[in-house]
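Taking it in order: structure first as structure tokens, then the write-up.
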Amino acid sequence: ARELDIRTVDTISIKSYDHQAQSDARVLKSPDVGIMGDGTGILIIDDLVDSGKTLEVVRAMFPKAHFATVYAKPKGRPQVDTFITEVSQDTWIFFPWDMALQYVEPYRGKD
Numbered sequence: 002a003r004e005l006d007i008r009t010v011d012t013i014s015i016k017s018y019d020h021q022a023q024s025d026a027r028v029l030k031s032p033d034v035g036i037m038g039d040g041t042g043i044l045i046i047d048d049l050v051d052s053g054k055t056l057e058v059v060r061a062m063f064p065k066a067h068f069a070t071v072y073a074k075p076k077g078r079p080q081v082d083t084f085i086t087e088v089s090q091d092t093w094i095f096f097p098w099d100m101a102l103q104y105v106e107p108y109r110g111k112d
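Residues 2 to 112 (the numbering used here) are what the sequence shown spells out, left to right.
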């Protein structure tokens, strides 16, 4: 971001998987719409587009953004403007950040 003189970096959090089972995409955190507008001049980057359901939700929010992924599977390719590597639909990619359970339900309120 510094080399490109980009001063605003934000995240979109969407949950569409529960461990390895895919479900409906749900927006958990959205960036400031006042800054993002319709997505004009915005670059949205993800590690992988699988079925395309997650990026479909984001594209509906920011239709004029440019979407880039590292990996693209055939079903999700129509949702991506730029990708580095295409892999088959049945390929499961193990990312370092997915190698262990990342989220544990809070104990508070369970009793």
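Even glycine gets a Cβ: it sits at the ideal position worked out from N, Cα and C.
Helix, strand or coil at residue i according to DSSP, with G and I counted as helix
i	result
Phe49	Note on identity: in this sequence residue 49 is Leu, with Phe being the wrong assignment. It is a strand residue.
Ala2	coil
Asp82	coil
Asp99	helix
Ser14	strand
Beta carbon of residue i nearer than 9 Å to that of residue j
i	j	result
Asp39	Phe68	no
Ser89	Pro79	no
Pro32	Ile13	yes
Val59	Thr70	no
Residue i to residue j span [Cα, whole Å]
i	j	result
Lys65	Pro107	38 Å
Lys16	Thr41	24 Å
Glu57	Thr83	15 Å
Ala61	Thr55	10 Å
The alpha helix (DSSP H) enclosing residue i, as first and last residue numbers
i	result
Glu57	Lys54 to Met62
Val34	Val34 to Met37
Expected contact under 8 Å - CB spacing of residue i and residue j to nearest Å
i	j	result
Val50	Ala26	Val50 to Ala26, Cβ: 12 Å. No contact.
Delimiting residues of the beta strand (DSSP E) encompassing residue i
i	result
Val71	His67 to Ala73
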